[in-house]
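Numbers 1 to 169, taken from the numbering used here, label the letters of the sequence shown in order.
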Amino acid sequence: MCGLFAILELSLSEDDGGVGENSMISERRLAYASLIPGILLSAALSRKDEYFAANFFFFLLPQLAVIAGVCLIRPRPGIVAGCALVLFAYLGIYAAWLFSRPHPESMAWLGYVFSVPGALVGAISYGLWSVRRQAPSISRTVAYSAAAVLAGLAVFQGALCSTLMYCRL
């Protein structure tokens, strides 16, 4: 976990792209705070027995891998925040869908794991696209990043549901 925060600190310590220092600090805080819901949800979904750590990391590591991958391009902190918030919501919605089924199958979690790289594609696409643009406000950066991550997830989940998995609401 400390390694992720070190990566975040390095990638978020770049110049502010024309944004004021105070807003940059609050944007950094938002990026750090946006990681907390995903961590808490991963802990809540994990069974409270001897397999807690394995389940916890199964839910959390895909999110952290995407965020670490996004940090490699040194994006604005708002992009990391949007990515983390969408990954949190996606995990919650996927778990709610799976647990609402009469007979939830454990192999269905592979659909979650295999669709998460779409989030990385979406976040990196927006991060690279936004480098050459005028820096929008923090809220717009988070919203645009969230939309790009959601689009990537939707494309990958759609491809999975139409080829490898049988997905039924």
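Note that the Cβ used here is the ideal one computed from N, Cα and C, for glycine as well.
Mind checking residue i: buried by the 16 CB within 10 Å criterion, or exposed?
i: Gly-158; result: exposed
i: Tyr-51; result: exposed
i: Ile-79; result: buried
i: Ser-162; result: exposed
i: Ile-73; result: exposed
i: Arg-132; result: exposed
i: Met-1; result: With a pLDDT of 44 at Met-1, under the threshold of 50, the modelled position of this residue cannot be trusted, and the question is left open.
i: Phe-99; result: exposed
i: Arg-140; result: exposed
i: Leu-153; result: buried
i: Arg-28; result: buried
i: Leu-40; result: exposed
Between the Cα of residue i and those of the options, spot the shortest distance and give me the residue it belongs to.
i: Leu-164; options: Trp-109, Val-131 and Gly-92; result: Trp-109
i: Leu-91; options: Leu-64, Arg-28, Cys-161 and Leu-128; result: Leu-64
i: Leu-62; options: Gly-122, Asp-49, Tyr-112 and Pro-104; result: Per the sequence shown, residue 62 should be read as Pro rather than Leu. Checking every option, the nearest Cα to that of Pro-62 belongs to Tyr-112.
i: Leu-42; options: Leu-153, Ile-124 and Ala-96; result: The residue asked about is misnamed: residue 42 is Ser in this sequence, not Leu. For the residues Leu-153, Ile-124 and Ala-96, the minimum Cα distance to Ser-42 belongs to Ala-96.
i: Ile-67; options: Gln-134, Pro-117 and Ser-139; result: Pro-117
i: Cys-71; options: Ala-151, Glu-105 and Ile-124; result: Ile-124
i: Leu-30; options: Ile-138, Leu-153 and Ala-151; result: Ile-138
i: Phe-114; options: His-103, Arg-101, Asp-49 and Phe-58; result: Phe-58
What is the rounded straight-line gap between the Cα of residue i and the Cα of residue j?
i: Ala-170; j: Arg-76; result: Shown here, the chain extends from 1 to 169; a query on residue 170 therefore has no answer.
i: Ala-89; j: Leu-128; result: 24 Å
i: Arg-172; j: Pro-37; result: What the structure shows of the chain is the stretch from 1 to 169, and residue 172 is not part of that stretch, so it cannot be assessed.
i: Ile-93; j: Ala-54; result: 21 Å
i: Val-121; j: Val-155; result: 10 Å
i: Leu-35; j: Leu-85; result: 7 Å
i: Met-107; j: Phe-56; result: 17 Å
i: Ala-135; j: Val-149; result: 18 Å
i: Tyr-32; j: Tyr-166; result: 36 Å
Over what stretch of residues does the alpha helix (DSSP H) that includes residue i continue unbroken?
i: Ser-42; result: 35 to 45
i: Ile-138; result: 138 to 163
i: Val-131; result: 117 to 131
i: Ala-135; result: Ala-135 -> no alpha helix (DSSP H), and no H or E assigned at all.
i: Leu-72; result: Run containing Leu-72: none; DSSP gives neither H nor E here.
**Message:** Across the stretch 140 to 152 and the stretch 80 to 100, are there enough close Cβ pairs to call them in contact, namely three or more that are closer than 8 Å?
**Reply:** yes
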